[in-house]
Amino acid sequence: MDDADRNAWLQSAIPADSGDQKAEGFLSVKDSRTGAKYAFPIYRNAVHALSFRQITADDSQNASQHSKEGLRVFDPGFRNTAVKESNITYINGKSGLLCYRGHTINALEGKTFEEIIYLLIWGTLPSQEQLQHLQRCIAEECFVPQVVETVVTSFPRNSPSVVIFIAALSAFAADRPDLLPSYVGRNLYGNDMKLVDEQIVRILAVVTVTVSLIACHKTGRPLKSADVSASMIENIVHMSGLAENSRVPAATIIATLQRLWILYADHEMTCSTAAFLHVASTQADPISSFIAAVTAGYGPLHGGAIDTAYNVMREVGTTDQVPELIAKVKRKECRLFGYGHRIYKATDPRAEAIKEILHDLTGEVPVNEWDPLLKVAFEIDRIASSDDYFTARKIFANADLYGSFVYTALYVLSVP
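Residue numbers 32 to 447, in our numbering, belong to the letters of the sequence shown in order.
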């Protein structure tokens, strides 16, 4: 991270609505309908949307526009609207930079998934004692209520994992109605940060045990008990027996998933994050809010793009068919999943990191045993990255192009 990017991240930590913060400038507006002039303060390159309510006009000609109630901001898709202040993640889409709490993802190489969780949620990298405490707290919560097991095992084994996952989350919520604000008739989480922290740990444990239980259901293996001294990913591999049919040892699966999941840990105000916050703003419980995030995240224009990209490559089949796919994309007959990003106008740094993970796995997995569709992905990238149609539009590879191949290289089930 250079000085300009670091300063940009540091500035992101300054509250825009601080009463003692001096405006960096003013936006002068003249309403041609009325001739009235307005001046709105600018903080952190942003203007508060409610400022525009000061701009009023006569609505006698069209009362449905509510002009007397103030000017509204129209922004479908929130393409230029900030709805939350945060200093968690900083992205420079022009240079392809991704930072968590001021640390580039490259600088976080070698950290565990829990260390990144701690960094994102509580603001600093944990001490060894704090890390071990978090891991133990998560592991101690890794148990399966009977209602959850019943729900998961009621699904056909070939059901999409995310569908089972969402149902399992609802079952976990049903198992503890005392944690549902509407059920108990009061706001449980607004002023109780201790309970909030407990529920963060609970959700992390729920994810750990549910992913493991679904993997076991799909393979017919029994679920093992959690190891209280193990990390989340170590427990997922252990509880689900993922290494039993893998072509690589458990240690390689664990180390690889640590690297991969860190890359997906946060990405600013995504659709799933917004969905979580939207539901949470009603004072709903954390698991219900998390269900909203998971559901939003599985759409093909969000987290589901990784599956969609893989399915497109499966339809393409072989490298000699890639030019025709590229031609269809250029004719606007289809979308090229795994390529292009709303934020990145350079190569997605996560895509580069995933390619490094795949390269490192060649020491464990012979090239002739790799998923043959990986060659299709490389060919898509080779052709598109040198085609003016894509480069002129700043359309480059994103994390979805290669993400699925880490799982196929390990020969483990895809997780939700």
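Where a beta carbon is used, it is the ideal one built from N, C-alpha and C, also for glycine.
Handout entry: C-beta atoms of ALA296 and LEU432 nearer than 8 Å
Key = It is not a contact, given that the beta carbons lie outside the stated cut-off.
Practice task
Use the C-beta contact count for LYS27: other C-beta atoms within 10 angstroms, 16 or more gives buried, fewer gives exposed.
Solution key: Nothing in the structure corresponds to residue 27, since the chain is present only between 32 and 447.
Exercise for the section: Check whether the region 246–255 touches the region 263–276, taking contact to mean three or more Cβ pairs, one atom from each stretch, closer than 8 Å. Expected result: Touching, per the Cβ criterion.
Exercise for the section: Out of PHE421, ARG278 and GLY251, point me to the one whose CA is closest to VAL183's CA. Expected result: It is GLY251.
Practice task
Measure the alpha-carbon distance for LYS255 versus PRO176 and round it to whole angstroms.
Solution key: The alpha-carbon atoms of LYS255 and PRO176 are separated by roughly 14 Å.
Practice task
Return the chain-ordered list of same chain residues with a C-beta closer than 8 Å to the C-beta of LYS386, the five sequence neighbours on each side being excluded.
Solution key: If we look at LYS386 and ignore the five residues flanking it on each side, its Cβ neighbours are TYR433.
Handout entry: Simplified DSSP assignment, three categories, for LEU129
Key = DSSP places LEU129 within a strand segment (E or B) once states are collapsed to three.
Practice task
Just the C-alpha distance for VAL227 and ASP316, rounded to the nearest angstrom, thanks.
Solution key: Each residue's Cα considered, the two are about 10 Å apart.
Problem - 8 Å contact criterion, which ALA311 and SER320 should meet: CB distance rounded - result: About 4 Å separates the beta carbon of ALA311 from that of SER320, a gap short enough to meet the 8 Å contact definition.
Practice task
Using the Cα positions of ALA47 and ALA113, report the straight-line distance between them to the nearest angstrom.
Solution key: Unreliable placement is indicated for ALA47, whose pLDDT of 42 sits below 50; the coordinate value is still reported in the next sentence. One C-alpha to the other measures close to 11 Å.
Problem - C-alpha gap between VAL279 and ARG290, whole angstroms - result: Going by the C-alpha atoms only, they are around 16 Å apart.
Exercise for the section: Determine, using beta carbons only, whether THR349 comes closer than 8 Å to chain D. Expected result: No chain D is present in this structure, which holds just one protein chain.
Problem - Given 8 Å, three or more beta-carbon pairs between the region 421–430 and the region 368–387 - result: Short answer: they touch.
Exercise for the section: Within its chain, find whatever has a CB closer than 6 Å to the CB of ALA88; leave out the 5 residues flanking it on each side and keep chain order. Expected result: Closer than 6 Å at Cβ, skipping near neighbours: ARG64, THR65 and SER98.
Handout entry: Nearest-angstrom beta carbon gap, LEU288 and ILE264 [assumed within contact, 8 Å]
Key = Confirmed, about 5 Å.
Exercise for the section: Report back the beta-carbon spacing between GLY56 and TYR375 to the nearest angstrom; my notes put them in contact at under 8 Å. Expected result: Contact flag wrong, Cβ pair sits at about 29 Å.
Handout entry: CYS168 and ASN266 closer than 8 Å at C-beta
Key = With respect to the 8 Å criterion, CYS168 and ASN266 are not classified as neighbours on the basis of their beta carbons.
Exercise for the section: Within 10 angstroms of the Cβ of HIS390, are there 16 or more other Cβ atoms? Answer buried if so, exposed if not. Expected result: Answer is exposed; the Cβ neighbour count stays below 16.
Practice task
Classify ALA39 as helix, strand or coil using the three-state DSSP reduction.
Solution key: Its pLDDT being 45, under 50, ALA39 is placed unreliably in this model, and the coordinates cannot settle the point.
Practice task
Note the first and the last residue of the continuous beta strand (DSSP E) segment covering ASN123.
Solution key: Run containing ASN123: 120–123, per the beta strand (DSSP E) assignment.
Exercise for the section: Using only alpha-carbon positions, find the residue among ARG103, LYS359, TYR69 and PRO354 that is nearest to ARG84. Expected result: When the alpha-carbon of ARG84 is set against those of ARG103, LYS359, TYR69 and PRO354, the nearest one is in ARG103.
Problem - For SER185, three-class secondary structure by DSSP - result: Note: SER185 maps to coil in three-state DSSP.
Exercise for the section: Give the single residue among ASP412, ILE195 and GLU100 whose Cα lies nearest to the Cα of VAL242. Expected result: When only C-alpha atoms are compared, the closest one is ILE195.
Practice task
Within its chain, find whatever has a CB closer than 6 Å to the CB of GLN166; leave out the 5 residues flanking it on each side and keep chain order.
Solution key: In its chain, beyond the 5 residues on either side, GLU145 and SER262 have a beta carbon closer than 6 Å to the beta carbon of GLN166.
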